[in-house]
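Residue numbers (the numbering used here), protein chains in the order written: chain F, 510 to 946; chain S, 16 to 464.
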């Protein structure tokens with residue numbers, strides 16, 4: 510889940526070039542709800558994204574998992590339709606709705622054909638404003654969530670990430686999986702779900718992205734219809750999470766020939782003056798693609814892993830500088846040493862001019878390629894608003910990236926990359942690493 | 016009330032003129048390389064793909080994993096480029112690149128700004144014939160693919176179970192071997208194996224170029240003739256004649272136990288026909304059969320009966336792979352609620368199938384599925400990358416352009432009688448493989464943390 514949020518957050522940072530055939534309209538509905546729209550009438554459907562900021566961290570400690578389970582129940586009956594009838598109606602329109610829960614937000618995505626958009630909007634409105642939470646649907650979804658929790662408990666990737674969060678964030682909601690525990694989920698009542706719905710889906714916290722076969726006026730009427738009956742006011746969000754984890758290694762014994770490593774330390778805020786330098790630095794260190802330092806040293810030169818990456822987690826309440834890889838139990842110790850050495854090398858020596866230039870060429874060249882479909886664009890528009898980035902940012906974004914100098918990268922590397930603070934959670938049966946610290 | 020609204024709207028997709036993706040254009044270069052162009056000017060980008068008509072299904076016995084290994088090694092040095100330079104140049108041009116291997120194909124792709132298309136072709140044409148297999152690179156990369164196997168297969172009980180199921184379903188066809196390879200054979204893959212495999216299959220007359228995005232067919236033709244045109248066709252290209260399956264006459268069972276299993280389940284798999292050039296009707300009926308039985312998580316027959324009505328399943332579904340070179344699998348899966356045994360879950364699957372065979376098709380359900388399939392043609396226009404991938408898959412399994420372009424019509428023409436006839440052929444005295452994925456009795460305690 511962490512990683513998916515990061516992807517979404519980064520998507521927001523890719524801006525529009527003058528050459529892209531895309532124009533963002535800022536729309537305010539008659540009811541006062543704002544939305545961003547990219548009109549494109551070439552394919553007869555519209556993609557909508559509703560991001561409600563807040564997410565699973567709003568759960569009370571004794572009701573952890575309520576928001577996640579609530580989102581799973583929105584399509585299990587709404588208005589005067591039970592779960593079966595609701596699904597039948599949606600399928601009958603060939604509409605496509607998805608209801609996702611994340612740590613910092615819940616997200617509703619929809620695709621609707623132009624030919625039956627009003628009827629599809631009726632159904633989406635019903636799911637978001639009048640979900641039924643029928644007894645049988647609750648029990649069915651509860652059983653599914655419990656199965657997910659059991660499955661996660663046996664998945665080394667999940668164990669690594671959740672262990673890292675538990676160690677890093679103490680009592681803060683970030684320390685807990687958004688699905689909740691078997692105990693909290695078993696105890697969730699219908700009232701808990703109703704309360705989670707009331708808290709998570711509010712007009713105060715919603716941002717809307719739309720792209721496709723729809724005019725601004727049509728969009729205004731559509732979002733008033735879909736969102737108009739939601740409550741305005743939202744409950745308070747938790748405060749920032751302190752990153753409490755010190756450098757070291759934690760081994761979680763798990764019967765597998767390969768170990769999963771999840772590692773990192775505290776990161777950098779998005780509004781930090783050095784954020785763009787950190788963004789470029791991460792691209793060089795372990796950003797996507799084959800050319801990063803970590804891919805080169807750990808995979809290409811030594812064959813210690815299939816893939817390794819680092820990322821700036823822009824989680825709203827505690828930014829992180831994180832990474833992950835998998836290595837055979839016999840090799841993971843060596844891979845960890847290589848990661849530490851790269852961290853130290855960059856912190857001490859910075860990067861080369863060639864590395865800076867290549868990263869910036871990639872980052873500035875890649876951005877216009879992303880805006881290539883209604884679904885993608887709607888998601889990017891919502892992500893940008895959730896990050897409170899103004900529309901005109903998109904024309905300036907590349908100049909921010911290009912302004913990052915070698916000296917900026919040296920400074921931010923020395924400040925951000927702390928090899929002694931790196932903590933590795935290793936899930937497997939690694940050779941030469943002792944459990945605990 | 017909402018339900019009524021849905022019903023009165025009718026279930027026909029309104030005709031429309033596609034404007035985003037222009038008409039697909041396909042042609043051949045003189046050396047036999049096929050070219051497909053999918054124009055879409057919504058973003059100033061192109062997806063450039065080269066697909067080879069070779070995959071894990073074409074490997075020699077004892078060399079499982081060689082097709083995928085060669086795919087990895089294609090990113091190393093050529094006579095003109097240093098090892099890794101390919102991806103470096105792509106990234107320096109703001110693009111991204113990767114590759115993938117299946118049983119029936121191996122494909123390489125880049126996504127870049129439209130004005131870099133020629134550069135991509137230049138590099139892709141270079142490595143088609145001029146890749147250099149270096150002993151040090153081969154040894155390091157073999158370690159990488161072994162790590163890939165450890166990560167994707169050995170670390171997952173479900174992946175290991177699927178591997179065993181396939182190996183059991185196919186008695187003779189190489190579809191029974193994992194694409195990544197069996198570990199003991201991967202460890203022995205040599206430079207000479209890679210060189211031989213590459214020399215045999217990597218030629219323009221065994222390749223398909225697909226360009227999707229902000230381009231015109233004429234521009235693609237000119238660039239393709241410049242970069243790929245000079246590469247001579249291979250006169251020795253093998254025919255893809257794989258070992259075929261004998262009649263399946265015996266049911267088989269796979270019982271796999273792993274302490275990492277969280278939710279035990281049962282899987283039933285059987286051979287099924289696939290789309291054939293000029294003959295796609297049976298496959299189309301099976302596509303709709305799989306949707307009726309197990310497509311939707313709410314309203315498909317398996318989900319509705321077992322998950323909703325009877326509350327005996329956490330998840331029940333059906334899958335069918337219509338697009339492969341040789342007959343492939345139709346499968347049913349059932350994850351029972353805690354407390355029900357896998358034997359009961361297995362019996363539940365067959366009970367629902369038997370009911371379906373005797374009760375027939377709910378016509379409303381059938382029409383909804385047909386409508387959704389038609390609507391998917393609209394939604395799929397939104398992703399030219401997806402369209403490019405679909406064309407690549409369809410062409411590499413031997414379908415022609417006419418087959419591909421008529422597929423939506425073939426699906427639309429399927430009648431309920433066609434589906435019942437296909438179901439009857441599939442499920443009457445079916446010879447199948449039944450798999451139980453289980454956890455050991457002692458592993459009920461939580462494993463970790």
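Glycine included, C-beta positions come from ideal geometry on N, C-alpha and C.
- When secondary structure is reduced to three states using DSSP, residue 121/S falls in the strand class.
- Around the beta carbon of residue 834/F, 16 or more other beta carbons sit within 10 angstroms, so the residue counts as buried.
- With its beta carbon less than 7 Å from one in chain S, residue 815/F belongs to the interface.
- With contact defined as three or more Cβ pairs closer than 8 Å, the stretch 811-831 of chain F and the stretch 902-912 of chain F are not in contact.
- Straight through space, the alpha carbons of residue 870/F and residue 139/S are spaced by roughly 21 Å.
- Excluding five sequence positions before and after residue 131/S, the CB atoms of its chain that fall closer than 6 Å to its own CB belong to 108, given in chain order.
- Residue 437/S holds the alpha-carbon nearest to the alpha-carbon of residue 287/S among 403/S, 437/S, 223/S and 359/S.
- The C-beta separation of residue 582/F from residue 642/F comes to about 6 Å, placing the pair in contact by the 8 Å criterion.
- Per DSSP, residue 830/F is not a residue of any alpha helix (DSSP H); the beta strand (DSSP E) it occupies stretches across 829-837.
- For the set 844/F, 768/F and 776/F, the Cα lying nearest the Cα of residue 939/F is the one of 768/F.
- Not flagged as an interface residue toward chain S: residue 636/F, since no C-beta distance is shorter than 7 Å.
- 160, 161, 162, 163, 164, 165, 166, 167, 169, 170, 171 and 172: these are the residues of the stretch 160-183 of chain S whose beta carbon lies less than 9 Å from some beta carbon of chain F, given in chain order.
- Listed in chain order, the alpha helix (DSSP H) runs fully inside the stretch 377-450 of chain S are 378-395, 399-411, 416-428 and 431-442, counting runs of at least 4 residues.
- DSSP places residue 845/F inside the alpha helix (DSSP H), whose first and last residues are 841-858.
- Cβ-Cβ separation between residue 399/S and residue 133/S: approximately 19 Å, too far for a contact (criterion under 8 Å).
- The C-alpha of residue 707/F lies about 50 Å from the C-alpha of residue 839/F.
- In the three-state reduction of the DSSP assignment, residue 191/S falls in the helix class, which pools H, G and I.
- Following the DSSP letters along the chain, one finds residue 272/S inside the beta strand (DSSP E) bounded by residues 267-272.
- Annotation for residue 647/F: the continuous alpha helix (DSSP H) segment containing it runs 644-661.
- The beta carbon of residue 155/S falls within 7 Å of a beta carbon belonging to chain F, placing the residue at that interface.
- A check of alpha carbon separations from residue 818/F across 828/F, 793/F and 837/F identifies 793/F as the nearest.
- The DSSP assignment places 862-875, 883-895 and 902-911 as complete runs of the alpha helix (DSSP H) inside the stretch 849-920 of chain F, in order along the chain (cut-off: 4 residues).
- When rounded, the separation of the alpha-carbon atoms in residue 153/S and residue 101/S is 17 Å.
- Taken through DSSP and simplified to helix, strand or coil, residue 683/F comes out as helix.
- Counting the other CB atoms within 10 Å of its CB gives residue 325/S a total below 16, which places it among the exposed residues.
- The beta-carbon of residue 303/S is placed no less than 7 Å from the nearest beta-carbon of chain F.
- At a cut-off of 7 Å between C-beta atoms, residue 640/F does not count as an interface residue with respect to chain S.
- The beta carbon of residue 684/F sits closer than 6 Å to those of 674, 675 and 678, all from its chain and outside the five residues before and after it, given in chain order.
- Closest in C-alpha terms to residue 831/F, from the list 875/F, 589/F and 772/F, comes 772/F.
- Here the stretch 171-188 of chain S does not lie against the stretch 147-162 of chain S, with fewer than 3 beta-carbon pairs under 8 Å apart.
- Distance from the CA atom of residue 201/S to the CA atom of residue 361/S, rounded to whole angstroms, is 35 Å.
- Beta-bridge partners of residue 67/S (DSSP): 121/S and 222/S.
- Within the same chain, 215 come within 8 Å of residue 251/S by CB-CB distance, once the 5 residues on both sides are set aside.
- In this structure the stretch 723-738 of chain F does not lie against the stretch 568-577 of chain F, because fewer than three pairs of beta carbons, one per stretch, are closer than 8 Å.
- Against chain S, a Cβ distance below 7 Å from residue 678/F picks out nothing, because the smallest value is about 16 Å.
- By the rule that beta-carbons nearer than 7 Å mark a contact, residue 877/F touches chain S.
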